[in-house]
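Residue numbers (full-length UniProt numbering), protein chains in the order written: chain A, 1 to 270; chain W, 1 to 289.
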């Protein structure tokens with residue numbers, strides 16, 4: 001039974017695509033056959049972050065409109081066995097997405113034996129974002145510890161609860177997970193930034209992880225490698241923890257406390 | 001006259017009992033069809049604004065009227081906006097007679113009730129494509145009381161309660177997200193989880209929020225000035241009772257912020273008879289100990 005997971009946020013630029021890439025890679029690394037789909041028609045980024053932009057021939061819109069098969073459009077990831085990318089169209093716009101079309105693509109992915117399908121949502125609450133969440137079984141709400149991101153995440157949660165197929169059918173609701181990204185424990189300590197607990201208190205959704213702010217994310221996108229592959233980095237470790245928790249394992253939150261550096265470190269840097 | 005108990009054919013084919021229905025008073029200041037059509041479009045847009053709500057036309061403010069009042073067309077206009085017109089009220093003898101000829105009876109409003117519907121509430125209860133309604137799965141409504149069948153005997157003096165007298169309280173136990181709106185028609189609203197900024201809770205009766213109220217709360221939406229808003233953690237963006245509202249541009253006053261609070265409408269007699277009662281929102285700490 002395929003599990004469809006949407007990565008959404010409402011607000012733009014908070015780390016949805018970065019998360020979709022690393023989350024999908026993490027599941028593939030654990031041995032699950034995984035597909036990740038870019039729903040940002042017209043402004044595609046997932047292919048860049050995954051490093052397969054030069055191998056895009058057909059895209060999601062081609063498949064929906066019958067111009068190509070899923071097999072022709074899916075790109076095999078070069079970092080991971082088991083991982084396939086379905087890019088968005090760059091020349092069309094979101095009106096090309098239809099509910100029936102998206103449903104068929106997801107059904108076909110299930111027939112091909114995919115165990116997880118990750119839907120990378122665009123920012124906003126319009127067609128692309130709604131299409132990405134309509135068929136979701138689970139949702140990762142990516143939120144920066146910052147007021148407008150929290151407000152937009154709250155809004156998208158409301159939309160998820162109203163417009164997903166699960167909500168409309170009255171069945172088991174979409175399972176919600178809160179992922180706080182670009183977290184800086186030092187700034188929280190200094191009172192400049194909301195803490196992950198504050199964010200959770202407002203949104204009332206269980207936390208699946210906290211990803212620290214890090215330069216390695218920028219390096220990773222420039223290289224076309226999902227951040228989870230940057231060995232030894234805090235971001236990679238944090239994403240691995242997210243995968244563990246998603247799969248039901250116990251993993252205490254890391255990278256959330258600020259330790260004041262000792263006198264030596266403060267004098268001589270480091 | 002005593003009732004025969006045994007025979008089935010004696011059971012009344014027609015039964016009657018007292019009941020109360022909510023009715024809107026629509027005050028008209030013109031009876032010109034074209035003027036009303038334009039005003040209707042401006043106020044309500046095209047199509048249904050109301051939800052098949054019962055209405056009575058208050059004609060006390062009509063000063064001049066055309067020789068031939070197009071009553072049926074006026075009623076049709078209001079029907080297209082979602083109102084079901086029952087009759088007219090507070091009309092002078094000429095208008096009363098004219099309306100009666102068109103089949104609109106003169107109805108008397110009960111004394112002491114505020115007849116004007118609250119303008120803020122009307123805006124809030126209009127179906128807004130921007131806002132999401134709470135899906136039915138989130139609502140918890142207690143089972144309606146079934147009215148007992150038949151009467152016990154001639155000495156029973158109390159009228160039996162119908163569902164309309166006691167519409168029940170709407171209970172919501174999940175957080176209300178930004179952009180969501182809940183309307184408890186005809187009754188009270190109880191919310192057991194946070195009302196987030198950007199969310200709206202509306203009730204014809206009282207509103208109770210046993211959690212942080214950070215959004216907008218509009219009680220007494222159809223003009224019930226006795227309605228109150230009560231919350232355990234007050235941080236609202238806007239509160240309104242029977243259309244009288246207050247926003248908190250500089251944030252909620254420090255002594256009320258995040259405290260248990262009660263909001264109600266204090267009505268004071270005004271200086272001139274024309275303006276009627278002067279209303280002021282009172283927001284006080286609610287003592288819970």
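The beta-carbon is built from N, C-alpha and C at its ideal position, and this holds for glycine as well.
Just so you know, these numbers come straight off a predicted model, no measurement behind them.
Check: Going by DSSP, which residues form a beta bridge with residue 38(A)?
Finding: Here residue 38(A) is taken as the residue at index 38 of the first chain, counted from 1. Per DSSP, 120(A).
Next item on the list: Taking residue 205(W) as part of the alpha helix (DSSP H), name the residues at either end of that continuous run.
Entry: Reading the second chain from its first residue, position 205 is the one you call residue 205(W). Run containing residue 205(W): none; DSSP gives neither H nor E here.
Next item on the list: Show which residues of chain A have a CB atom less than 7 angstroms away from the CB atom of residue 251(W).
Entry: Here residue 251(W) corresponds to residue number 251 of the second chain, with the count starting at 1. The premise fails here: residue 251(W) is roughly 14 angstroms from chain A at the closest Cβ pair, so nothing lies under 7 angstroms.
Note to self: Please report the distance separating the alpha-carbon of residue 139(W) from that of residue 208(W).
What the structure shows: Here residue 139(W) is taken as the residue at index 139 of the second chain, counted from 1. Here residue 208(W) is taken as the residue at index 208 of the second chain, counted from 1. Low per-residue confidence applies at residue 139(W): pLDDT is 48, beneath 50, and the placement is therefore not dependable, though the value from the model is reported in the following sentence. Going from the Cα of residue 139(W) to the Cα of residue 208(W) covers about 15 angstroms.
Notebook entry, point to check: Should residue 48(A) be flagged as near chain W, meaning a C-beta pair shorter than 8 angstroms?
Noted result: Counting from 1 along the first chain, the entry for residue 48(A) is found at position 48. It does not; no Cβ of chain W falls within 8 angstroms.
Check: For residue 245(W), which of helix, strand or coil comes out of DSSP?
Finding: On the second chain, residue 245(W) is found 245 positions in, with the first residue counted as 1. Strand at residue 245(W).
Check: What is the DSSP secondary structure of residue 279(W), reduced to helix, strand or coil?
Finding: The residue given as residue 279(W) occupies position 279 in the second chain. DSSP places residue 279(W) in strand when its eight states are reduced to three.
Next item on the list: State the Cα-Cα distance for the pair residue 35(A) and residue 82(W), rounded to the nearest angstrom.
Entry: As a first step, residue 35(A) is located in the first chain; it is residue number 35 there, counting from the start. As a first step, residue 82(W) is located in the second chain; it is residue number 82 there, counting from the start. Between the alpha carbons of residue 35(A) and residue 82(W) lies a distance of about 49 angstroms.
Next item on the list: Could you tell me whether the Cβ of residue 157(A) comes closer than 8 angstroms to any Cβ of chain W?
Entry: Within the first chain, numbered from 1, the residue matching residue 157(A) stands at position 157. By this cut-off, residue 157(A) is an interface position.
Margin query: For a test of the three-state rule: what should DSSP assign to residue 138(A), helix, strand or coil?
Written below: Locating residue 138(A) in the first chain gives position 138, counting from the first residue. Shown here, residue 138(A) sits in a strand according to DSSP, grouped into three states.
Note to self: What ranges does the beta strand (DSSP E) occupy inside the stretch 47–132 of chain A, keeping only unbroken runs of at least 3 residues that lie completely in it?
What the structure shows: Entirely contained in the stretch 47–132 of chain A, the beta strand (DSSP E) runs reaching 3 residues are, in chain order, 83–86 and 116–120.
Notebook entry, point to check: What's the gap between the Cα of residue 298(W) and the Cα of residue 258(W)?
Noted result: For residue 298(W) there is no data in the structure shown, the boundaries of chain W being 1 and 289.
Item checked: Three-state class that DSSP yields for residue 214(A) in the structure shown -> As a first step, residue 214(A) is located in the first chain; it is residue number 214 there, counting from the start. Residue state, collapsed to three classes: coil.
Note to self: Which residues does DSSP list as the beta-bridge partners of residue 197(A)?
What the structure shows: As a working mapping, residue 197(A) is identified with position 197 in the first chain. Answer is none; residue 197(A) lacks a bridge partner.
Notebook entry, point to check: Which residues, taken in chain order from the stretch 48–65 of chain A, show a beta carbon closer than 9 angstroms to some beta carbon of chain W?
Noted result: Identification of residues in the stretch 48–65 of chain A having a C-beta nearer than 9 angstroms to some C-beta of chain W yields an empty set.
Notebook entry, point to check: CB-CB under 8 angstroms to residue 255(W), same chain, minus the five flanking residues each way: which ones, in chain order?
Noted result: Walking along the second chain from the start, residue 255(W) turns up at place 255. Cβ within range, chain order: 285.
Next item on the list: Could you please give the first and the last residue of the uninterrupted alpha helix (DSSP H) stretch that includes residue 87(W)?
Entry: Mapped onto the second chain, residue 87(W) falls at position 87. Here residue 87(W) belongs to no alpha helix (DSSP H); instead the beta strand (DSSP E) covers 83–89.
Notebook entry, point to check: Got a sec: is the Cβ-Cβ distance from residue 202(A) to anything in chain W below 8 angstroms?
Noted result: In the first chain, counting from the first residue as 1, residue 202(A) sits at position 202. Residue contact with chain W for residue 202(A): present (Cβ-Cβ distance below 8 angstroms to some residue of chain W).
Checklist line | Of the listed residues 179(A), 137(A) and 56(A), nearest to residue 165(A) (C-alpha basis) | finding: Residue mapping note: residue 165(A) aligns to position 165 of the first chain, counting from 1. Of the candidates 179(A), 137(A) and 56(A), the one whose C-alpha sits nearest the C-alpha of residue 165(A) is 137(A).
Check: In whole angstroms, what separates the C-alpha of residue 250(W) from that of residue 203(A)?
Finding: For the purposes of this step, residue 250(W) is taken as residue 250 along the second chain, with counting starting at 1. For the purposes of this step, residue 203(A) is taken as residue 203 along the first chain, with counting starting at 1. The alpha-carbon of residue 250(W) is positioned some 23 angstroms away from that of residue 203(A).
Notebook entry, point to check: So, are the CB atoms of residue 116(A) and residue 3(A) less than 8 angstroms apart?
Noted result: Against the first chain, residue 116(A) aligns to sequence position 116. Against the first chain, residue 3(A) aligns to sequence position 3. Their beta carbons are under 8 angstroms apart, which means residue 116(A) touches residue 3(A) by this criterion.
Next item on the list: State yes or no: is the C-beta of residue 119(A) within less than 8 angstroms of the C-beta of residue 6(A)?
Entry: Reading the first chain from its first residue, position 119 is the one you call residue 119(A). Reading the first chain from its first residue, position 6 is the one you call residue 6(A). With respect to residue 6(A), residue 119(A) sits close: the two C-beta atoms are nearer than 8 angstroms.
Next item on the list: Determine the direct distance from the alpha carbon of residue 53(A) to that of residue 20(A), and round the result to whole angstroms.
Entry: In the first chain, residue 20(A) corresponds to position 20, counting from 1. In the first chain, residue 53(A) corresponds to position 53, counting from 1. Between the alpha carbons of residue 20(A) and residue 53(A) lies a gap of roughly 16 angstroms.
Next item on the list: Look at the alpha carbon of residue 52(W) and the alpha carbon of residue 97(A), and state the distance between them as a whole number of angstroms.
Entry: The residue you call residue 52(W) lines up with position 52 of the second chain. The residue you call residue 97(A) lines up with position 97 of the first chain. For the pair residue 52(W) and residue 97(A), the Cα-to-Cα distance works out to about 37 angstroms.
Item checked: residue 37(W), enclosing beta strand (DSSP E) - first and last residue -> As a working mapping, residue 37(W) is identified with position 37 in the second chain. Looking at the DSSP string, residue 37(W) is not in any beta strand (DSSP E); the run it does join, the alpha helix (DSSP H), is 33–44.
Check: At which residues does the beta strand (DSSP E) containing residue 237(W) begin and terminate?
Finding: For the purposes of this step, residue 237(W) is taken as the residue at position 237 of the second chain. From DSSP, residue 237(W) is part of no beta strand (DSSP E); its letter is neither H nor E.
Checklist line | Neighbour-count burial assignment, residue 57(A), 16 or more Cβ in a 10 Å radius | finding: To locate residue 57(A), count along the first chain from 1; it is residue 57. By the neighbour-count rule (16 or more Cβ atoms within 10 Å), residue 57(A) is not buried but exposed.
Next item on the list: Check whether the stretch 214–229 of chain A touches the stretch 194–203 of chain A, taking contact to mean three or more Cβ pairs, one atom from each stretch, closer than 8 angstroms.
Entry: The stretch 214–229 of chain A makes no contact with the stretch 194–203 of chain A; the number of CB pairs closer than 8 angstroms stays below 3.
Checklist line | C-beta atoms of residue 135(A) and residue 106(A) nearer than 8 angstroms | finding: Numbered from its first residue, the first chain carries residue 135(A) at position 135. Numbered from its first residue, the first chain carries residue 106(A) at position 106. In this structure, residue 106(A) lies closer than 8 angstroms to residue 135(A) by Cβ.
Margin query: Distance check for residue 9(A) and residue 149(A), CA to CA, integer angstroms please.
Written below: Counting from 1 along the first chain, the entry for residue 149(A) is found at position 149. Counting from 1 along the first chain, the entry for residue 9(A) is found at position 9. Approximately 8 angstroms between the Cα atoms of the pair.
Next item on the list: Between the Cα of residue 29(W) and those of 74(W), 221(W) and 80(W), spot the shortest distance and give me the residue it belongs to.
Entry: Counting from 1 along the second chain, the entry for residue 29(W) is found at position 29. Checking every option, the nearest Cα to that of residue 29(W) belongs to 74(W).
Next item on the list: Would you please state the rounded distance, in angstroms, between the beta carbons of residue 38(A) and residue 60(A)? I believe it to be under 8 angstroms.
Entry: For the purposes of this step, residue 38(A) is taken as the residue at position 38 of the first chain. For the purposes of this step, residue 60(A) is taken as the residue at position 60 of the first chain. Indeed they touch by this definition, with Cβ atoms about 7 angstroms apart.
Note to self: Check whether chain W comes within 8 angstroms of residue 154(A), counting only Cβ atoms and requiring the distance to be less than that.
What the structure shows: What you label residue 154(A) is simply residue 154 of the first chain in a count that begins at 1. For residue 154(A), a Cβ of chain W is located within less than 8 angstroms of the residue's own Cβ.
Notebook entry, point to check: Which same chain residues, not among the five before or five after residue 70(A), have their C-beta less than 6 angstroms away from its C-beta?
Noted result: For the purposes of this step, residue 70(A) is taken as residue 70 along the first chain, with counting starting at 1. Contacts found: 63 and 108.
Notebook entry, point to check: How would you call residue 213(W), buried or exposed, if buried means at least 16 neighbouring beta carbons within 10 angstroms?
Noted result: Position 213 of the second chain, counted from the first residue, corresponds to residue 213(W). Here residue 213(W) is buried: its Cβ has 16 or more other Cβ atoms, across all protein chains shown, within 10 Å.
Note to self: Can you give me the C-alpha to C-alpha distance between residue 92(A) and residue 44(A), rounded to a whole angstrom?
What the structure shows: In the first chain, the residue the question calls residue 92(A) occupies position 92. In the first chain, the residue the question calls residue 44(A) occupies position 44. Taking the straight line joining both Cα atoms gives about 11 angstroms.
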